[in-house]
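S.K.:
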Amino acid sequence: MKFTKTLLAGSAAIALSTSAFATDLEVTHWWTSGGEAAAVGEFAKAFDATGNKWVDGAIAGSGGTARPIMISRITGGDPMGATQFNHGRQAEELVEAGLMKDLTAVAEAGKWKDVINEIGLLDSCTIDGKIYCAPVNIHSWQWLWLSNKAFADAGVAVPANWNELVAAAPKLREKGMVPLAVGGQPWQTTGVFNVLMSGLGGKDLYLKVYDAKDAEVAGGADVAKIFSALNDAREMSRGSNVQDWNQATNMVITGKAGGQIMGDWAQGEFQIAEQVAGTDYSCLPGLGVNELLSTNGDAFYFPKVDNAEISAAQDKLAEVLFAPTTQVAFNLKKGSLPIRKDVDLAAANDCMKKGLAILAKGGLVKSTDQLISPDTATQIDDLMTQFFSDESITPEDAQKRFAGIIKSAD
Ligand code: GAL
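Its first residue numbered 5, the sequence shown is counted upward by one per residue in this note's numbering.
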């Protein structure tokens with residue numbers, strides 16, 4: 005799907021307003037859970053402190069709901085001042101259509117290349133040598149969150165890895181608990197699959213499938229083991245009956261579920277619930293098997309506008325998002341790792357410390373958002389949603405369809 009260049013002329017000014025002292029910028033994002041809202045509030049506070057005004061454009065629902073709205077506004081000549089996308093290829097076609105602002109000058113002035121924690125994230129912002137986004141965090145999907153209370157109530161030890169969770173599931177069921185909470189949105193069931201692939205299959209298998217896009221491997225014996233584990237996950241998730249990811253996290257927080265595979269943005273919810281890592285909940289990076297983190301996370305992009313004041317305010321916002329003080333305030337509340345290596349998250353909790361240790365050892369792998377196109381990602385979302393909602397689909401059936409998707413993946 006290619007976007008045609010849209011005449012931005014006067015239309016952009018309609019969406020944004022300026023005054024003699026401050027420029028209002030409408031910023032769109034999908035951070036609407038308790039933890040997310042607390043974190044994005046730190047961005048707004050830092051931008052307002054520059055004398056400009058953050059006009060919050062939160063879009064409820066998941067990224068899958070928000071991104072089509074963001075894209076249609078930009079391509080339709082009604083752009084916001086700045087918008088969230090994930091690290092990777094989601095804004096690729098908008099940039100190629102010439103609709104997004106070049107931030108290279110801001111990145112060079114701020115020496116982003118010297119301080120960034122993982123250069124691959126800046127590469128994801130770079131097209132034809134120019135930088136088009138301000139990365140703001142490193143999230144990782146590769147986490148299993150466990151309710152210490154649920155396992156105490158079930159009379160079993162808190163699992164130290166995926167296999168121990170599977171073994172403990174019957175005991176959790178006996179006490180009326182859901183062993184694995186999974187929300188009903190497509191990206192969540194795909195997330196479970198991808199974390200099983202990297203956590204149980206390891207970095208090489210994950211990259212053979214998603215980077216090399218090797219359909220033979222995708223249809224082979226090693227990936228068959230991942231689909232068998234996915235079958236266990238499907239069984240353990242029965243009874244979750246929630247849509248949003250943070251509702252599933254809340255099942256862990258309240259001890260109604262034993263665990264949840266979810267990105268470390270879940271930490272924001274534990275924090276809002278005043279739960280303490282290690283005491284109230286446990287966290288297993290890489291499912292306690294292959295300690296890997298994926299470079300998921302978020303970056304802000306800025307639609308091109310033909311208004312000097314707004315353009316200056318956009319540059320200022322990009323600078324503020326990357327600033328050390330903003331990075332600490334935001335990431336501590338978001339549960340993510342900072343994008344720059346020269347900030348000290350002294351207040352990091354046990355789980356974030358585990359993540360920082362893996363980051364320091366270079367135990368990183370590119371996220372699927374960085375490796376496959378949005379179109380391919382959507383096909384996988386559809387397959388995983390169907391697998392979780394239709395028990396007549398066997399793991400073998402699902403794997404055959406998955407190999408076909410990888411064969412034509414871009
Ligand atoms: C991800 C995003 C995270 C997050 C999560 C759930 O795509 O990178 O920041 O909050 O969605 O909304």
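Built from N, CA and C at the ideal position, the CB exists for glycine as well.
Mind checking E395: buried by the 16 CB within 10 Å criterion, or exposed?
M.R.: Answer is exposed; the Cβ neighbour count stays below 16.
S.K.: How would you label V489, buried or exposed, when you count the other beta carbons within 10 angstroms and need 16 or more for buried?
M.R.: Residue 489 falls outside the range modelled here, since the chain spans only 5 to 414, and no answer is possible.
S.K.: Leaving out five residues on either side along the sequence, give the residues of the same chain with a beta carbon under 7 Å from the beta carbon of G206.
M.R.: Result list for G206: N294, in chain order.
S.K.: Please report the distance separating the alpha-carbon of S202 from that of E46.
M.R.: If I take the Cα positions, the gap works out to 32 Å.
S.K.: By Cβ distance below 8 Å, which residues in the same chain neighbour Q374 in space, the five residues on each side in sequence not counted?
M.R.: The answer, listed in chain order, is H91, G92, R93, G124, S128 and T299.
S.K.: Using beta-carbon positions only, say whether G195 and W145 come within less than 8 Å of one another.
M.R.: Against a cut-off of 8 Å, the Cβ pair of W145 and G195 comes out as a contact.
S.K.: Within a Cβ cutoff of 8 Å, which residues of the same chain sit near T329, ignoring the five residues on either side of it in sequence?
M.R.: Contacts found: A50.
S.K.: According to DSSP, which residues form a beta bridge with W147?
M.R.: Bridge partners of W147: P289.
S.K.: Taking 7 Å as the limit between beta carbons, can you name the residues of its chain near G259, skipping five residues before and five after?
M.R.: Answer for G259: S151, K153, A154 and D157, listed in chain order.
S.K.: When the Cα atoms are used, what is the spatial distance from A167 to T382?
M.R.: According to the sequence as given, residue 167 is Asn; it is not Ala. Cα to Cα, N167 sits roughly 29 Å from T382.
S.K.: Taking the straight line between their C-alpha atoms, what separation do you get for N141 and K365?
M.R.: Cα to Cα, the separation comes out at about 18 Å.
S.K.: Sorry if obvious, but does the Cβ on S377 come closer than 7 Å to a heavy atom of the ligand GAL?
M.R.: No, since every heavy atom of the ligand GAL falls outside the 7 Å radius drawn around the Cβ of S377.
S.K.: Can you determine whether any heavy atom of the ligand GAL sits closer than 7 Å to the C-beta of S66, and answer yes or no?
M.R.: S66: yes, Cβ under 7 Å from the ligand GAL.
S.K.: Once the 5 residues before and after Q331 are set aside, which same chain residues still bring their CB inside 7 Å of it?
M.R.: If we look at Q331 and ignore the five residues flanking it on each side, its Cβ neighbours are P342, I343, R344 and V347.
S.K.: Could you check whether the Cβ of G45 sits closer than 7 Å to any heavy atom belonging to the ligand GTP?
M.R.: With respect to the ligand GTP, the structure offers nothing, as its ligand set consists of the ligand GAL.
S.K.: Restricting to runs no shorter than 4 residues, where is the alpha helix (DSSP H) found entirely within the stretch 186 to 226?
M.R.: Correct list: 190 to 214 and 219 to 222.
S.K.: For a quick check, are the C-beta atoms of T320 and T54 less than 8 Å apart?
M.R.: It is worth fixing the name first, because residue 320 is Lys in this sequence and not Thr. Contact: yes.
S.K.: Thinking C-alpha only, which one of V59, F304 and N353 is nearest I135?
M.R.: Comparing Cα positions, the closest option is F304.
S.K.: Grab the span of the alpha helix (DSSP H) containing Q88 for me, first residue to last.
M.R.: No alpha helix (DSSP H) contains Q88, which is instead part of the beta strand (DSSP E) from A86 to N90.
S.K.: Answer yes or no: the CB of G187 versus the heavy atoms of the ligand GAL, is any distance below 7 Å?
M.R.: No, the beta carbon of G187 sits no closer than 7 Å to any heavy atom of the ligand GAL.
S.K.: Under 7 Å from any heavy atom of the ligand GAL, does the C-beta of N121 make it?
M.R.: It does not: the Cβ of N121 is nowhere closer than 7 Å to a heavy atom of the ligand GAL.
S.K.: Since A351 contacts L336 with CB under 8 Å, what's their CB separation in whole angstroms?
M.R.: Contact flag correct, Cβ pair sits at about 6 Å.
S.K.: For a test of the three-state rule: what should DSSP assign to A19, helix, strand or coil?
M.R.: In this prediction, A19 scores a pLDDT of 43, lower than 50, which makes its location untrustworthy; no coordinate-derived value is stated.
S.K.: To the nearest angstrom, how far is the alpha carbon of I410 from that of L387?
M.R.: In a straight line, the C-alpha of I410 is about 12 Å away from that of L387.
S.K.: Runs of 3 residues minimum, wholly inside the stretch 249 to 295: which ones carry the beta strand (DSSP E) assignment?
M.R.: Those beta strand (DSSP E) runs which fall completely within the stretch 249 to 295 and span 3+ residues are 261 to 265 and 285 to 289.
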